[in-house]
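Working notes, beginning with the structure itself.
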Amino acid sequence: MNIQRNNLFFIFILAFAMLFSSCSTLLYTSIDVLRPAKISFPLDVDNITILNNALPQPENHGHTNKFLNATVQQATVNTDSLAIFALASFAESMAEKEFFNIISLRHESIKKGQDFQSVNYPLRETINQLSEHENDGVIALNRFVVEDQLGELYDPENGLYYAYLEAIYDYVWSVHFPSKNKIQSFNVKDTVYWEAEAYARQRAMNGLPERKDALIDGALISGSRIVDKFIPYWEEVDRYIFNFSNKKHKQGLDAVYIKDWDTAIHAWEDLLNTTKSQTKKIKTAHNISVVYEIKGDIQKAFEYSEKAMILFNDVVVFDYRSMLMLLEQYENIKQRKIELEIINEQLGTE
Numbered sequence: 003m004n005i006q007r008n009n010l011f012f013i014f015i016l017a018f019a020m021l022f023s024s025c026s027t028l029l030y031t032s033i034d035v036l037r038p039a040k041i042s043f044p045l046d047v048d049n050i051t052i053l054n055n056a057l058p059q060p061e062n063h064g065h066t067n068k069f070l071n072a073t074v075q076q077a078t079v080n081t082d083s084l085a086i087f088a089l090a091s092f093a094e095s096m097a098e099k100e101f102f103n104i105i106s107l108r109h110e111s112i113k114k115g116q117d118f119q120s121v122n123y124p125l126r127e128t129i130n131q132l133s134e135h136e137n138d139g140v141i142a143l144n145r146f147v148v149e150d151q152l153g154e155l156y157d158p159e160n161g162l163y164y165a166y167l168e169a170i171y172d173y174v175w176s177v178h179f180p181s182k183n184k185i186q187s188f189n190v191k192d193t194v195y196w197e198a199e200a201y202a203r204q205r206a207m208n209g210l211p212e213r214k215d216a217l218i219d220g221a222l223i224s225g226s227r228i229v230d231k232f233i234p235y236w237e238e239v240d241r242y243i244f245n246f247s248n249k250k251h252k253q254g255l256d257a258v259y260i261k262d263w264d265t266a267i268h269a270w271e272d273l274l275n276t277t278k279s280q281t282k283k284i285k286t287a288h289n290i291s292v293v294y295e296i297k298g299d300i301q302k303a304f305e306y307s308e309k310a311m312i313l314f315n316d317v318v319v320f321d322y323r324s325m326l327m328l329l330e331q332y333e334n335i336k337q338r339k340i341e342l343e344i345i346n347e348q349l350g351t352e
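Per the numbering used here: the sequence shown = residues 3 to 352.
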């Protein structure tokens, strides 16, 4: 695999947006966290072949209309090329990640028969033919179906008509590692939605893209987004810091504003050890947990979040909103500890 993966996790502390905003007694920030992929590729897999093993769905399957004052009706749309568009977008997005050295796409379907809904893995001899080296892998799309509805809604309060098109893309994937005689499979659904509004009913409907074109665009969007199932990805999340009146707390908060994490931690650890207020101890331990997470030290973040929860168990009065913040941070960090082990395996880091 590309050596770039070894650096992804370690640039975590550089990949965040530290823009605190006030929310009553809470401050919040958005940070980027690295999430694991659904599939863990062996570290020696450098070359990937993406294989179309899906049959096109019939044009009279999966397309419905739901217009005002009418029952749901079946529609006809030619969608026989959607899987090809989705796979092309998927392959392009995979290449942009630079996670593998070589990515090849076999866009013409190899599947035989008429049952487009059945799921059959590619034959082993087919996989072996596609894998010329021991460090190869094959990603196969074994079923691709779209269920879409074109419909209308009316808002009498505002006198507005709404037209919408909702498309649900259903994928069944399998990942093959020939040299290890290993197969992983999973199902993914993704939804793409279009909407238009107007005071005239027909104008609202005219505001939508042509249905076939929209479904093609949706396949391109969906194919690109599904890459996150195969490669670790960044996700923006919100974290909250308690704000309260205290000299030591303000000292730590001032350090946070200039991203001096160590000074903030030092100030808040001093506050944690000296304050007699149990409530301030709890909120300070939580704040230290958040800063350690921003630094990328998930183990320390978990320790202080756990400490906040232990301290919380000893108080009689604690506001409900603050309690939710404590619980949310604890569950987030506990989950990230689990994910970190998976990420290290996927990136080949310690």
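Ideal Cβ placement from N, Cα and C applies to all residues, glycine included.
Quick caveat: nothing in here was measured; it's all calculated off a predicted structure.
Next on the checklist: Rounding to the nearest angstrom, what Cα-Cα distance links residue 230 and residue 346 in this structure?
Outcome noted: The alpha-carbon atoms of residue 230 and residue 346 are separated by roughly 16 Å.
Checklist entry - Exposed or buried, residue 279, counting other C-beta atoms within 10 Å across all chains shown (16 or more means buried)? => result Counting Cβ neighbours within 10 Å, residue 279 comes out exposed, since fewer than 16 surround it.
Checklist entry - For residue 260, is the classification buried or exposed, using 16 other Cβ atoms within 10 angstroms of its Cβ as the cut-off for buried? => result The residue in question, residue 260, is exposed, as its Cβ has fewer than 16 Cβ neighbours within 10 Å.
Next on the checklist: Within the continuous alpha helix (DSSP H) that includes residue 222, where are the two ends?
Outcome noted: Run containing residue 222: 213-227, per the alpha helix (DSSP H) assignment.
Checklist entry - Taking the alpha-carbon positions, what's the residue 342 to residue 162 distance? => result C-alpha of residue 342 to C-alpha of residue 162: approximately 48 Å in a straight line.
Checklist entry - How many Å lie between residue 221 and residue 109 at the Cα? => result Taking C-alpha positions only, residue 221 is separated from residue 109 by approximately 14 Å.
Checklist entry - For the alpha helix (DSSP H) that residue 289 lies in, which residues bound it at each end? => result Its alpha helix (DSSP H) spans residues 280-297.
Item to check | C-alpha gap between residue 276 and residue 294, whole angstroms | outcome: Rounded to whole angstroms, residue 276 to residue 294 spans 20 Å at the Cα level.
Item to check | Whole-angstrom C-beta distance between residue 168 and residue 193, which should lie under 8 Å | outcome: The Cβ separation is near 7 Å, so the contact holds.
Next on the checklist: For residue 202, count the other beta carbons within 10 Å of its own beta carbon; 16 or more makes it buried, fewer makes it exposed. Which is it?
Outcome noted: The residue in question, residue 202, is exposed, as its Cβ has fewer than 16 Cβ neighbours within 10 Å.
Item to check | Per-residue burial, residue 150 [other beta carbons within 10 Å of its own, 16 or more giving buried] | outcome: Residue environment analysis places residue 150 among the buried positions, since at least 16 neighbouring C-beta atoms fall within 10 angstroms of its C-beta.
Checklist entry - Roughly how far, in whole angstroms, is the beta-carbon of residue 200 from the beta-carbon of residue 210, given that I think they are within contact range, below 8 Å? => result No, residue 200 and residue 210 are not in contact; Cβ-Cβ is about 11 Å, not under 8 Å.
Item to check | Chain-order list of residues whose beta-carbon lies under 6 Å from that of residue 242 (same chain, five-residue window excluded) | outcome: Excluding the 5 residues flanking it on each side, residue 242 has same chain C-beta neighbours closer than 6 Å at 28, 30 and 327, in chain order.
Checklist entry - When you compare each of 351, 340, 89 and 124 to residue 178 by their alpha carbons, which one comes out closest? => result When each option's Cα is compared against that of residue 178, the closest is 124.
Next on the checklist: Comparing C-alpha positions only, which one of 57, 249, 43 and 281 sits nearest to residue 316?
Outcome noted: Nearest option by C-alpha distance: 281.
Checklist entry - With a Cβ-Cβ cutoff of 9 Å, do residue 153 and residue 67 count as a contact? => result One thing to note: residue 153 has its Cβ within 9 Å of the Cβ of residue 67.
Item to check | Segment contact flag, the segment 49-65 with the segment 73-81, C-beta cutoff 8 Å, min 3 pairs | outcome: Here the segment 49-65 makes contact with the segment 73-81; the two share three or more CB pairs at distances below 8 Å.
Next on the checklist: Taking its Cβ as the centre, do 16 or more other Cβ atoms sit within 10 Å of residue 335, making it buried, or is it exposed?
Outcome noted: With a 10 Å radius around the Cβ and a threshold of 16 neighbouring Cβ atoms, residue 335 comes out buried.
Checklist entry - If you draw a straight line from the C-alpha of residue 251 to the C-alpha of residue 273, how long is it? => result Between residue 251 and residue 273, the C-alpha separation is close to 7 Å.
Item to check | Counterpart residues of residue 187 in DSSP-defined beta bridges | outcome: For residue 187, DSSP records a beta bridge to 176.
Checklist entry - Excluding sequence positions up to five away, which residues of its chain have a Cβ less than 6 Å from the Cβ of residue 121? => result Take residue 121, set aside five residues on each side of it, and the residues of its chain with a beta-carbon closer than 6 Å to its own are 144, 145 and 174, in chain order.
Checklist entry - Between the C-alpha atoms of residue 325 and residue 183, what's the straight-line distance to the nearest angstrom? => result Rounded to whole angstroms, residue 325 to residue 183 spans 49 Å at the Cα level.
Item to check | residue 339, buried or exposed, once every other Cβ within 10 Å from all chains shown has been counted against 16 | outcome: Burial call: exposed.
Checklist entry - In chain order, what residues of the same chain have a beta carbon less than 6 Å from the beta carbon of residue 96, not counting five sequence neighbours either side? => result Here the set comprises 105 and 229.
Item to check | Sheet register partners of residue 139 (DSSP bridge) | outcome: Beta bridge pairing from DSSP links residue 139 with 50.
Checklist entry - Based on the DSSP output, what are the partners of residue 307 in its beta bridges? => result Assignment of beta-bridge partners to residue 307 by DSSP yields no partner.
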